[in-house]
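*Asks:* Numbering-wise (this note's numbering), the sequence shown opens with residue 18 and increments by one. Heads up, the beta-carbon is just placed ideally off N, CA and C, and yes, glycines get one too. Would you mind keeping the following structure in view while I ask a few things?
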Amino acid sequence: MTATAATDLPLWPPTNPDHGPFALLDEAERGRLAGPVTRVRLATGSTAWLVTRHADVRQLLRHPGLSANFEKPGFPLLRPLPPQSEVDRQGGFIRMDGDEHTRLRRMLTAEFMIKNVRRIEPLIQRTVDESLDDLQAAGPPADLVEAFALPVPSMVICHLLGVPYADHAFFQARSRTLLDRTAPVDRVRTEVRELRDYLRELIVARQTGADASTDLISRLVRDRVATGQLSVDELVGMALLLLVAGHETTANMIGLSTLLLLREPGRLDALRENPDRAPALVEELLRYLSVVRTGLPRLALEDIEIGGRLIRAGEGVIAVLSLANRDPEVFGAADEFDPYQQAHQHLAFGFGVHQCIGQPLARAELRIALVELARRFPGLRTTATPEQVSTRDTSVVFGLNSLPVTW
């Protein structure tokens, strides 16, 4: 494709943030997407195929002829990435393929199975209760993101991994940089290295001491690193992935979900009166809000037909989970939030071999957080007008910068 032709393509992700936190695209942006499989231009100057239909996204994400490896030539990067050393590459299994991906993922699968997440629900409940105690004691007004949505999943993942929550300001700030598509490359490189060095120190301390802790990092050091099944650098990469993903996605879901429920009178009341409806409500929130809005990029390793389009080997393709979750062929009035919608087919956690390993934990945190917030703060309301709501438009994980509330 010529440079001139490429500039005529719609830009992905779009740069217009003016349509609010719940509309994925405005009419002009939708009009530029010529069908469910569309050629788009990326900020890096390259082009890729954008896949937006639910059935096509499922087909794409389970296809063995696609790679998640960012470093392969032609991979559709949404932003320039800093050069990585061999050490920096290790452990980040979400960008690996085949046996390498399977080996590392299997070491964590049991940790996040539903039965094991149920065992830590008392920890989640206690964390939510204590955070709401602090919120109530401080009194209104408050920023619900800073006081509740961000601390709860941060404290939970710190407890599970064995990372000191006292260091939350350090890792939260660097996590935001890693996810910001507009962050300077040099800054991303520096802050990734700082996070890796920090986690390496925690891991080495467990190796050199008589550590009988039961947190995940300690157990992986004893059971996998000490036996030669896992290197320290691989564990550093795995811990970095779990720490960042383990608080960022859920924090943004809690904030956005609360704003959505507050926008229509009676929604929090209904949750307080019918907490048994919370699991179904959570699925609809995950479908409707879909915080990973920029999509999952992949590289075709062979010619693939998706949605009637031929994607050639070497071409980039992006599965847009958020738009697939608004597919009217699957979800009816898909652009409307319906707390009674049967939303279990949503793709908010991805699909196929790379789907989110921590989804049972995220569901539990979101459910408990919203039920308790509704129960304990019946007069909760936001003090921000729709125009005053500040969103994270340049982040890979969409969310709110703040949510001013009172009660």
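Need the endpoints of the alpha helix (DSSP H) that Gly272 sits in, please.
*Replies:* Run containing Gly272: Val249 to Arg280, per the alpha helix (DSSP H) assignment.
*Asks:* Near Arg294, what residues of its chain come up, given a Cβ to Cβ distance below 8 Å and the 5 sequence neighbours on each side ignored?
*Replies:* Once the five neighbours on either side are set aside, the close Cβ partners of Arg294 are Ala287, Leu288 and Pro356.
*Asks:* Would you kindly work out how many angstroms separate the C-alpha atoms of Ser171 and His185, rounded to a whole number?
*Replies:* If I take the Cα positions, the gap works out to 7 Å.
*Asks:* What's the gap between the Cα of Glu46 and the Cα of His71?
*Replies:* So the alpha carbons of these two residues sit roughly 19 Å apart.
*Asks:* Note down, one range per segment and in chain order, each beta strand (DSSP E) of at least 3 residues found wholly within the segment 58 to 121.
*Replies:* For the segment 58 to 121, whole beta strand (DSSP E) runs of length 3 or above, ordered along the chain, are 64 to 68.
*Asks:* Give the secondary structure of Ala45 by DSSP, where H, G and I count as helix, E and B as strand, and everything else as coil.
*Replies:* DSSP places Ala45 in helix when its eight states are reduced to three.
*Asks:* So, for Thr24: in the same chain, excluding its five sequence neighbours on each side, which residues have a beta-carbon less than 6 Å away from its beta-carbon?
*Replies:* For Thr24, where only same-chain residues beyond five positions count, there are no Cβ hits under 6 Å.
*Asks:* If you measure between the beta carbons of Thr434 and Leu378, is that distance less than 8 Å?
*Replies:* Residue 434 is absent from the structure shown; the chain starts at 18 and stops at 424.
*Asks:* Give the DSSP bridge partners of Gly333, in chain order.
*Replies:* DSSP lists Leu316 as partners of Gly333.
*Asks:* Check whether the segment 188 to 207 touches the segment 229 to 239, taking contact to mean three or more Cβ pairs, one atom from each stretch, closer than 8 Å.
*Replies:* Counting Cβ pairs under 8 Å, fewer than three are found: no touch.
*Asks:* For Leu364, tell me which candidate among Leu26, Val308 and Pro139 has the shortest Cα-Cα distance.
*Replies:* Comparing Cα-Cα distances from Leu364 to each of Leu26, Val308 and Pro139, the minimum goes to Val308.
*Asks:* For Thr21 and Arg343, what's the separation of their Cα atoms in angstroms?
*Replies:* Because Thr21 carries a pLDDT of 43, less than 50, the predicted location of this residue cannot be relied on, and no value is offered for it.
*Asks:* Please confirm if the segment 72 to 88 is in contact with the segment 318 to 338, defined as three or more CB-CB distances below 8 Å between the two stretches.
*Replies:* The segment 72 to 88 vs the segment 318 to 338: in contact.
*Asks:* If you compare alpha carbons, which of Pro296, Arg315 and Val134 is closest to Gly369?
*Replies:* Comparing Cα-Cα distances from Gly369 to each of Pro296, Arg315 and Val134, the minimum goes to Arg315.
*Asks:* Which of helix, strand or coil does DSSP assign to Thr21?
*Replies:* Because the pLDDT of Thr21 is 43, which lies under 50, any placement of that residue in the model is unreliable, and the number read from its coordinates should be weighed accordingly. The answer is helix: DSSP assigns Thr21 an H, G or I state.
*Asks:* Note the first and the last residue of the continuous beta strand (DSSP E) segment covering Pro421.
*Replies:* Start and end: Pro421 to Thr423.
*Asks:* Within the continuous beta strand (DSSP E) that includes Glu322, where are the two ends?
*Replies:* Residues Ile321 to Ile323.
*Asks:* Around the Cβ of Ile220, are there at least 16 other Cβ atoms within 10 angstroms (buried) or fewer (exposed)?
*Replies:* By the neighbour-count rule (16 or more Cβ atoms within 10 Å), Ile220 is buried.
*Asks:* My output table needs one value for Ile328: the three-state DSSP class, helix, strand or coil.
*Replies:* If DSSP states are grouped into helix, strand and coil, Ile328 belongs with the strands.
*Asks:* Near Met113, which residues of its chain fall below 8 Å by C-beta distance, leaving aside the five closest residues on each side in sequence?
*Replies:* If we look at Met113 and ignore the five residues flanking it on each side, its Cβ neighbours are Ala85, Asn86 and Leu121.
*Asks:* Helix, strand or coil, according to DSSP, for Val413 in the structure here?
*Replies:* Coil, per DSSP.
*Asks:* Does the structure place the segment 127 to 145 close enough to the segment 268 to 278 that three or more beta carbon pairs sit under 8 Å?
*Replies:* Touching, no, given that fewer than three Cβ pairs across the two stretches are closer than 8 Å.
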